[in-house]
Amino acid sequence: MDPFQYLLTLEQFGIKFGLANIQTLSEALGNPQNTFKSILIAGTNGKGSVTAMVDCALGAAGLRVGRYTSPHLVRLEERFAIDGAPVRTDVLAGLIVELRALIDDLV
766 MDPFQYLLTL
776 EQFGIKFGLA
786 NIQTLSEALG
796 NPQNTFKSIL
806 IAGTNGKGSV
816 TAMVDCALGA
826 AGLRVGRYTS
836 PHLVRLEERF
846 AIDGAPVRTD
856 VLAGLIVELR
866 ALIDDLV
């Protein structure tokens, strides 16, 4: 099955509120979120604009910047960027395939 189609099939299980699933997945991956500094941009309006400005400012300061935004408009790949460049489709598909067994254990 296409990796992106696989992710869409997960929607049939509905939304599970809470942090338990992401914490379990993060622990299985060795808690990579603890290995880098991050900024969470939240609120009702302006998140996309603020994210774009922060991305640009940090990049201009010479920092490596990864960005995740949601929702996407057309393709899932739109959500992910590193140093201002979209993550390649084949790279994202490979990661989904690699993580599928861990994800399947959560649903």
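Just add 765 to the spot in the sequence shown (first one is 1) and you have this note's numbering. Ideal Cβ positions, reconstructed from N, Cα and C, are used throughout, including at glycine. Predicted model only: the values in this text are computed from it and were never measured.
Counting only residues of its own chain and dropping the five nearest sequence neighbours on each side, residue 833 has a CB closer than 7 Å to the CB of 844, 845.
The beta-bridge partner set that DSSP reports for residue 829 is empty. Assigned with DSSP and collapsed to three states, residue 836 falls in coil, not helix or strand. One thing to note: residue 852 has its Cβ no nearer than 8 Å to the Cβ of residue 768. DSSP lists no beta-bridge partner residue for residue 787.
For residue 782, there is no enclosing beta strand (DSSP E), as DSSP marks it with neither H nor E. Per DSSP, reduced to three states, the secondary structure at residue 861 is helical. Taking C-alpha positions only, residue 816 is separated from residue 789 by approximately 27 Å. An exposed status is given to residue 848, since fewer than 16 other beta-carbon atoms sit within 10 Å of its beta-carbon.
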